[in-house]
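Novice: Residue numbers (this note's numbering): 2 to 264.
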Amino acid sequence: MSAVQSQAGGDTAIVSVAHVSKFFGPFRALNDVSLSIEPGMVQCIIGPSGSGKSTLLRCINQLEKIDQGAIRLDGELIGYRRVGDELHELSDAEIARQRLATGMVFQRFNLFNHMTALQNIIEGPLTVLKRPRKEIVAEAMALLERVGLADKRDSYPSELSGGQQQRVAIARALAMRPKIMLFDEPTSALDPELVGEVLNVMRDLAASGMTMIVVTHELGFAREVANDVVFMARGEIVERGAPDVVLVAPTQARTREFIAAVL
Ligand code: ADP
Ligand code: MG
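1) Measuring only from the beta carbon, is residue 105 closer than 8 angstroms to any heavy atom that is part of the ligand ADP?
2) With DSSP collapsed to three states, give me the class of residue 28.
3) Go ahead and label residue 52 buried or exposed: buried means 16 or more other beta carbons lie within 10 angstroms of its beta carbon, across all protein chains shown.
4) Straight-line CA distance for residue 97 to residue 105?
5) Is any heavy atom of the ligand MG found at a distance shorter than 8 angstroms from the C-beta of residue 108?
6) Cβ-heavy atom distance between residue 35 and the ligand MG below 8 angstroms?
7) Tell me the rounded alpha-carbon separation between residue 8 and residue 38.
8) Is it the case that the CB of residue 187 approaches a heavy atom of the ligand ADP more closely than 8 angstroms?
9) Would you please state the rounded distance, in angstroms, between the beta carbons of residue 34 and residue 181? I believe it to be under 8 angstroms.
10) Can you tell me which residues fall inside 5 angstroms of the ligand ADP, judged by beta-carbon distance to its nearest heavy atom, and keep chain order?
11) Helix, strand or coil: how does DSSP classify residue 70 here?
12) From 236, 27, 36, 50, pick the residue whose C-alpha is nearest to that of residue 262; which is it?
13) Around the Cβ of residue 250, are there at least 16 other Cβ atoms within 10 angstroms (buried) or fewer (exposed)?
14) Measure the CB-CB distance between residue 214 and residue 176 and report whether it falls below 9 angstroms.
15) Alpha helix (DSSP H) containing residue 56: first to last residue?
16) Specify whether the region 162-177 and the region 105-116 touch according to this definition: at least 3 beta carbon pairs, one from each stretch, less than 8 angstroms apart.
17) The alpha helix (DSSP H) with residue 243 in it runs from where to where?
18) My guess is that residue 216 and residue 46 are in contact by the Cβ rule of under 8 angstroms, so how many angstroms apart are they, rounded?
19) Pick out whichever of 203, 116, 145, 141 has its Cα sitting closest to the Cα of residue 160.
20) Hey, is the region 224-244 in contact with the region 191-198, meaning 3+ C-beta pairs nearer than 8 angstroms?
21) Are there any heavy atoms of the ligand MG lying less than 8 angstroms away from the beta-carbon of residue 216, as far as the coordinates show?
22) Classify residue 2: buried if its beta carbon has 16 or more other beta carbons within 10 angstroms, exposed otherwise.
23) DSSP state of residue 93, grouped into three classes?
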């Protein structure tokens, strides 16, 4: 697929963002953003603070409503249903169902503090997925194993390091069996020595074929793991391309300045 076709969003895309704008009052946080992501792809998003990276993820996850454009997940329009020529807003229940397709990991760990690691992971599946408890617990244990924390099943968040908490947060998101994982600066709040263990889990997840959108300042990780990198500034996509281009020899001056400042 050519770059132009891929920008327009072929029908194989698992995430298709088309001409999306988002306003907070008069302020335009996203300006005509289009991005299409194929299954199994790792899309990294870089850019200065305030450039709209979190807003874009929050729109894909329907934590925010878009004002213009359209977002499709696995071909399905999110937030709206088309009836003839009109768009009708979906009900909260329909939006909740759509949101299950995306797992999100935030900068802050967002675990339930009164629950153990295992309880944090099984909470969502128990309340939403309506599968047998035994099966859910077994799957949660397998996920804890996968993020290297099987021995921490009964630990509370306060008893875990930031890196361990973030790995539980990843396991918790995976327990909902999402089609796509969204990471919003998952290592930015961590002490430097804990960054690697979280990136390792993300690297393994990428290798397993999970489709991922990763907002990060970890340019080494982006270069190694991303299939494609987007540089955003002021609510717009300034540059998009292969990691070895965008991160090493960007064509846009604004990208070059940003990368020089981060490195
Ligand atoms: P980034 O994640 O790239 O740092 P954000 O997406 O968080 O940027 O924010 C983009 C811009 O939108 C910023 O200027 C921010 O202040 C603004 N913004 C984000 N969320 C809100 C909100 N809920 N209300 C008002 N302005 C917001
Ligand atoms: Mg942000």
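We treat Cβ as the ideally placed atom computed from N, Cα and C, and that holds for glycine.
Specialist: This is what the structure gives:
1) No heavy atom of the ligand ADP is found nearer than 8 angstroms to the CB of residue 105.
2) Residue state, collapsed to three classes: strand.
3) For residue 52, the number of other beta carbons within 10 angstroms of its own is at least 16, and it is reported as buried.
4) Each residue's Cα considered, the two are about 14 angstroms apart.
5) Checking the Cβ of residue 108 against the ligand MG gives yes.
6) Not under cutoff, so the answer is no.
7) In this prediction, residue 8 scores a pLDDT of 46, lower than 50, which makes its location untrustworthy; no coordinate-derived value is stated.
8) Not under cutoff, so the answer is no.
9) Not confirmed; about 17 angstroms, so no contact.
10) The filter returns 25, 30, 50, 51, 52, 53, 54, 55, 56, in chain order.
11) In the three-state DSSP reduction, residue 70 falls in the strand class (E or B).
12) Comparing Cα-Cα distances from residue 262 to each of 236, 27, 36, 50, the minimum goes to 50.
13) Classification for residue 250: exposed.
14) No, Cβ-Cβ distance for residue 214 and residue 176 is not below 9 angstroms.
15) First-last of the alpha helix (DSSP H) with residue 56: 54-61.
16) Verdict: yes, contact present.
17) Neither: residue 243 is in no alpha helix (DSSP H) and is coded neither H nor E.
18) Residue 46 and residue 216 do touch by the CB rule: their CB atoms are close to 5 angstroms apart, below 8 angstroms.
19) Of all alpha-carbon atoms in 203, 116, 145, 141, the one lying nearest the alpha-carbon of residue 160 is that of 116.
20) Under the three-pair Cβ rule at 8 angstroms, the region 224-244 does not count as touching the region 191-198.
21) Indeed, a heavy atom of the ligand MG lies less than 8 angstroms from the Cβ.
22) Low per-residue confidence applies at residue 2: pLDDT is 39, beneath 50, and the placement is therefore not dependable enough to give any value.
23) Residue 93: helix per DSSP, three-state reduction.
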